[in-house]
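Protein chains in written order, with the working numbering: chain A, 13 to 386; chain B, 13 to 386.
Every residue, glycine too, gets a C-beta built ideally from N, C-alpha and C.
Small disclaimer: the values here were computed from a predicted structure and weren't measured.
What follows is a set of notes on a single structure, which appears directly below.
2 protein chains.
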Amino acid sequence: MRPPESNEARILLGPGPSMVAPRVMDALRRPILGYLDPDLFVVLFEIQIGLRQLFRTENEITFALPGTGMSGAECALANLIEPSDRVLVVSSGFFGDRLVEIARRCGAEVYPVRSQWGRPVEPEDIESLLKQHPRWKLIAMVHAETSTGVHQPVEPIAELARRYEALLVVDAVTSLGGMPVEVDGWGIDICFSASQKCIGAPPGLAPITISPRAWNSIQKRRTACQSWYLDLRLLWDYWSEPHVYHHTTPVSLMYALRAALEMVEQEGLPARYERHHHQAERLWSGLQELRLELLIPPEHRLPMLTVVRIPEGIPDQEFRLRLLREFNIEIGGGLGEWRGQVWRIGLMGHSCLAHNVDLLLSAMNTLLHQYRSA
Amino acid sequence: MRPPESNEARILLGPGPSMVAPRVMDALRRPILGYLDPDLFVVLFEIQIGLRQLFRTENEITFALPGTGMSGAECALANLIEPSDRVLVVSSGFFGDRLVEIARRCGAEVYPVRSQWGRPVEPEDIESLLKQHPRWKLIAMVHAETSTGVHQPVEPIAELARRYEALLVVDAVTSLGGMPVEVDGWGIDICFSASQKCIGAPPGLAPITISPRAWNSIQKRRTACQSWYLDLRLLWDYWSEPHVYHHTTPVSLMYALRAALEMVEQEGLPARYERHHHQAERLWSGLQELRLELLIPPEHRLPMLTVVRIPEGIPDQEFRLRLLREFNIEIGGGLGEWRGQVWRIGLMGHSCLAHNVDLLLSAMNTLLHQYRSA
Numbered sequence: 013m014r015p016p017e018s019n020e021a022r023i024l025l026g027p028g029p030s031m032v033a034p035r036v037m038d039a040l041r042r043p044i045l046g047y048l049d050p051d052l053f054v055v056l057f058e059i060q061i062g063l064r065q066l067f068r069t070e071n072e073i074t075f076a077l078p079g080t081g082m083s084g085a086e087c088a089l090a091n092l093i094e095p096s097d098r099v100l101v102v103s104s105g106f107f108g109d110r111l112v113e114i115a116r117r118c119g120a121e122v123y124p125v126r127s128q129w130g131r132p133v134e135p136e137d138i139e140s141l142l143k144q145h146p147r148w149k150l151i152a153m154v155h156a157e158t159s160t161g162v163h164q165p166v167e168p169i170a171e172l173a174r175r176y177e178a179l180l181v182v183d184a185v186t187s188l189g190g191m192p193v194e195v196d197g198w199g200i201d202i203c204f205s206a207s208q209k210c211i212g213a214p215p216g217l218a219p220i221t222i223s224p225r226a227w228n229s230i231q232k233r234r235t236a237c238q239s240w241y242l243d244l245r246l247l248w249d250y251w252s253e254p255h256v257y258h259h260t261t262p263v264s265l266m267y268a269l270r271a272a273l274e275m276v277e278q279e280g281l282p283a284r285y286e287r288h289h290h291q292a293e294r295l296w297s298g299l300q301e302l303r304l305e306l307l308i309p310p311e312h313r314l315p316m317l318t319v320v321r322i323p324e325g326i327p328d329q330e331f332r333l334r335l336l337r338e339f340n341i342e343i344g345g346g347l348g349e350w351r352g353q354v355w356r357i358g359l360m361g362h363s364c365l366a367h368n369v370d371l372l373l374s375a376m377n378t379l380l381h382q383y384r385s386a
Numbered sequence: 013m014r015p016p017e018s019n020e021a022r023i024l025l026g027p028g029p030s031m032v033a034p035r036v037m038d039a040l041r042r043p044i045l046g047y048l049d050p051d052l053f054v055v056l057f058e059i060q061i062g063l064r065q066l067f068r069t070e071n072e073i074t075f076a077l078p079g080t081g082m083s084g085a086e087c088a089l090a091n092l093i094e095p096s097d098r099v100l101v102v103s104s105g106f107f108g109d110r111l112v113e114i115a116r117r118c119g120a121e122v123y124p125v126r127s128q129w130g131r132p133v134e135p136e137d138i139e140s141l142l143k144q145h146p147r148w149k150l151i152a153m154v155h156a157e158t159s160t161g162v163h164q165p166v167e168p169i170a171e172l173a174r175r176y177e178a179l180l181v182v183d184a185v186t187s188l189g190g191m192p193v194e195v196d197g198w199g200i201d202i203c204f205s206a207s208q209k210c211i212g213a214p215p216g217l218a219p220i221t222i223s224p225r226a227w228n229s230i231q232k233r234r235t236a237c238q239s240w241y242l243d244l245r246l247l248w249d250y251w252s253e254p255h256v257y258h259h260t261t262p263v264s265l266m267y268a269l270r271a272a273l274e275m276v277e278q279e280g281l282p283a284r285y286e287r288h289h290h291q292a293e294r295l296w297s298g299l300q301e302l303r304l305e306l307l308i309p310p311e312h313r314l315p316m317l318t319v320v321r322i323p324e325g326i327p328d329q330e331f332r333l334r335l336l337r338e339f340n341i342e343i344g345g346g347l348g349e350w351r352g353q354v355w356r357i358g359l360m361g362h363s364c365l366a367h368n369v370d371l372l373l374s375a376m377n378t379l380l381h382q383y384r385s386a
């Protein structure tokens, strides 16, 4: 028997998905079109334009994969890596370690460079490893590490990638749309993201962009890409003229992504970044007033994902379930090393609004007061 | 500048996607839930129950992949195949050949058995190949070959798989929900499908079911599955208790799939199969009245996909574009060997209704008359 369902939108303040604006939700309901319908190609074309603006790139090969954000990681690595390629992965947490695992499954010789959880990796540590071996195929990194809330700056690593003639793959799943991501300006070769975080669309699509340098490397592969489903050449043959059939476009999600990208364009990137920054600052000062410890120092802190230590004596799961059931608010628990130790609070896309910050702080205040006075 | 868009639903009578019923469309618009929300798990649980009924299986491991139908093919093969495994692929067309290609990219030693296009593969041809080599890991086949409209019966091949101790992988992308698919009754080890054909949901998900025998084989792998995104062990760890995070569920598509499965259950499988069969017969006799040649003999013909030869002197692309622009109807063109030679007419799921057959026949009659009298 199904429990009664609420039609009231959950207030999503976890690590994603974020809330979806009504006009983006409405777009989901547009009539289905076939994968070769000329009217669909208009939608796909507009998505490409919107994504180029968002990624800040002129890369022609810019589109959305028919899978979640993690399909972007697999796509980037499976298309670039050939067996025994040397790959350096910059990892400061759970999602960096996923890149290590995926690169290994692509047959690469993988060299992880790790930081202590809660701190970014130092470029010097990366360079000292780069020096030790010749011929690096690529460096992969996470821009916004969602397990720790740490910002790993791209530019110093891009500079190393250029100097050591390696391609640079950047996971911008959490950052894209909420803070600057400069694909061309920084020199990123493949950048991928996800529809459901700071872009503000429903989950299920992975925006991706490929530099001419990366595309050239893919064209020169000696072996077929091990993934047929995520083979960039086949995918691009579909997205570009003359649109050779590869898979059936998840058209409802594409309508929604287009609508979300329109909202991004209307707001403007500087205003959007400023909104994420400003609401994060309101959240941080509110959390500190509640005597909650922010784990990441301000200079490494992400605006869209804030990590706080769970106070002594507060039961993690029960607290989050009460937030959900009594206040209709979701926040995230810890991952990996920080499981049970932290809460992860997201302010992403359409979730990143002043009244959501207020609702969360008020709810946490009520609950913390109950536990602390018990 | 965007062209004006119609909100009137396209009449989708191609090889899929098919039309989506209003209550399934409405389900898309339910509020987003996080991937660990207890209320989401209710949705996922109900999808599993609905899919087990539809696949006619008691397989515990039955769920929907976060990708299109082709992700089902890649998932099935990448999880079962280890490097150098011997794999037989039964191919009577374009989609059978895709299984050949995907199995090769998984590192298998692949032996295709092909038929002439428009005919199923004969079990004797399969057995004579099976006899020539020892130790077959699996046999893969397409139940309903969407490029030709040919029905490849599963039972004789399942019998061979048992006899030669191979696992059986069946692509039921086009058949599931429109004609009998008996996973347990026939002895299929992995069966996969797609949300957007005879199930009647929007595109973007791939239902899949795994037998205990196949699961055992996956548990005993010596190497990691080359796909992390489609690794069945990680996916199942998320779908089953205690729900370990792997990817962000495309929750909007899951709502719609659940609603579509409810409609399947309410109609009942025998009535649903009969509807597909009955409307196909109406279509076939109507097409013959229009003097169009059905390419597949009745005993090999699929109910949900009918292939007709394009009559001499009718321009393929122009004819289909006029159907689309003047009558709002989509039918499919030919694929592979039959490109430019045939039209593919689908009657799947919510598209498979008497008035759609009538509209198509009437539109084709009008257009054919114009061309023939020109």
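Problem - Reference residue 11 of chain A; option with closest CA among A:218, A:362, A:37, A:55 - result: Summary: the structure shown does not reach residue 11 of chain A, with chain A confined to residues 13 through 386, and so no result is reported for it.
Problem - Classification of residue 342 of chain B by the beta-carbon crowding that lies within 10 angstroms, buried from 16 upward - result: buried
Practice task
Output yes if chain B places a C-beta closer than 9 Å to the C-beta of residue 210 of chain A; else output no.
Solution key: no
Practice task
Measuring alpha carbon to alpha carbon, tell me which of A:241, A:236, A:41, A:27 ends up nearest residue 87 of chain B.
Solution key: A:241
Handout entry: Residue range of the alpha helix (DSSP H) that includes residue 424 of chain B
Key = Residue 424 of chain B falls outside the range modelled here, since chain B spans only 13 to 386, and no answer is possible.
Problem - Pick from A:130, A:189, A:97 that is closest to residue 147 of chain A, judged by C-alpha positions - result: A:97
Practice task
Assuming residue 42 of chain A and residue 267 of chain A form a contact by the criterion Cβ under 8 Å, report the distance between their Cβ atoms to the nearest whole angstrom.
Solution key: 5 Å
Exercise for the section: Tell whether a beta-carbon distance below 9 Å holds between residue 31 of chain A and residue 24 of chain A. Expected result: yes
Exercise for the section: Check the Cβ of residue 114 of chain A against every Cβ in chain B and list those closer than 7 Å, keeping chain order. Expected result: 240
Exercise for the section: Report the three-state DSSP secondary structure of residue 248 of chain B (helix, strand or coil). Expected result: helix
Practice task
Could you tell me the distance, in whole angstroms, from the CA atom of residue 251 of chain B to the CA atom of residue 59 of chain B?
Solution key: 11 Å
Practice task
Specify, as a first and last residue, the run of the alpha helix (DSSP H) that residue 83 of chain A falls within.
Solution key: 81–92
Practice task
Only counting runs of 4 or more residues, tell me where the alpha helix (DSSP H) segments fall wholly within the region 21–63 of chain A, in order along the chain.
Solution key: 34–40
Practice task
List the residues of chain B that residue 214 of chain A touches, going by C-beta distances under 9 Å, in chain order.
Solution key: 40, 44, 262, 263, 264, 265
Handout entry: Interface partners of residue 389 of chain B on chain A, CB under 9 Å
Key = This structure gives no information on residue 389 of chain B, because the portion of chain B shown stretches from 13 to 386.
Problem - residue 206 of chain A: contacting residues in chain B (beta-carbon distance under 9 Å) - result: 260
Practice task
Would you mind telling me which residues of chain A sit closer than 7 Å to residue 32 of chain B, beta carbon to beta carbon, in chain order?
Solution key: 44
Exercise for the section: Tell me, please, which residues DSSP counts as bridged to residue 75 of chain A. Expected result: A:220
Problem - residue 237 of chain A at chain B interface by Cβ criterion, 9 Å - result: yes
Handout entry: Nearest candidate by alpha-carbon position, reference residue 191 of chain B, set B:67, B:44, B:54, B:346
Key = B:67
Practice task
Could you check how far apart the C-beta atoms of residue 189 of chain B and residue 157 of chain B are, in whole angstroms? I think they sit under 8 Å.
Solution key: The pair is not a contact, with the Cβ atoms about 17 Å apart (cut-off 8 Å).
Exercise for the section: Please compile the residues from chain A whose C-beta is within a distance smaller than 7 Å of the C-beta of residue 82 of chain B. Expected result: 241, 259
Exercise for the section: With a threshold of 16 other CB atoms inside 10 Å of the CB of residue 370 of chain B, please say whether the residue is buried or exposed. Expected result: exposed
Handout entry: Reduced DSSP secondary structure (H/G/I, E/B, other) of residue 316 of chain A
Key = coil
Problem - Cβ pair residue 233 of chain A, residue 72 of chain A closer than 9 Å - result: no
Handout entry: Beta-bridge pairing of residue 103 of chain B - partner residues as DSSP gives them
Key = B:126
Practice task
Might you give, ordered along the chain, the residues of its own chain that have their beta carbon closer than 6 Å to the beta carbon of residue 8 of chain A, omitting 5 neighbours on each side?
Solution key: The structure shown does not extend to residue 8 of chain A, since chain A spans only 13 to 386, so no value can be given for it.
Practice task
State the DSSP-derived secondary structure class of residue 380 of chain A, mapped to helix, strand or coil.
Solution key: helix
Handout entry: 4-residue-minimum alpha helix (DSSP H) runs that sit fully inside the region 218–306 of chain A, ordered along the chain
Key = 224–231, 244–251, 263–279, 281–301
Practice task
Let me know the alpha helix (DSSP H) ranges lying completely inside the region 159–220 of chain B, each 4 residues or longer, listed in chain order.
Solution key: 167–175, 195–198
Handout entry: Member of A:176, A:201, A:126, A:258 whose CA lies at the smallest distance from the CA of residue 144 of chain A
Key = A:176
Exercise for the section: Decide if residue 8 of chain B is buried, meaning its Cβ has at least 16 other Cβ atoms within 10 Å, or exposed. Expected result: What the structure shows of chain B is the stretch from 13 to 386, and residue 8 of chain B is not part of that stretch, so it cannot be assessed.
Exercise for the section: Look up residue 15 of chain A in the DSSP assignment and say whether it is helix, strand or coil. Expected result: In this predicted model, residue 15 of chain A has a pLDDT of only 44, less than 50, meaning its place in the structure is not dependable enough to derive any value.
Problem - Helix, strand or coil at residue 350 of chain A according to DSSP, with G and I counted as helix - result: helix
Practice task
Give the DSSP-derived three-state secondary structure of residue 70 of chain B in the structure shown.
Solution key: coil
Practice task
Measure from the C-beta of residue 78 of chain B to each C-beta in chain A and report whether the shortest distance is under 9 Å.
Solution key: yes
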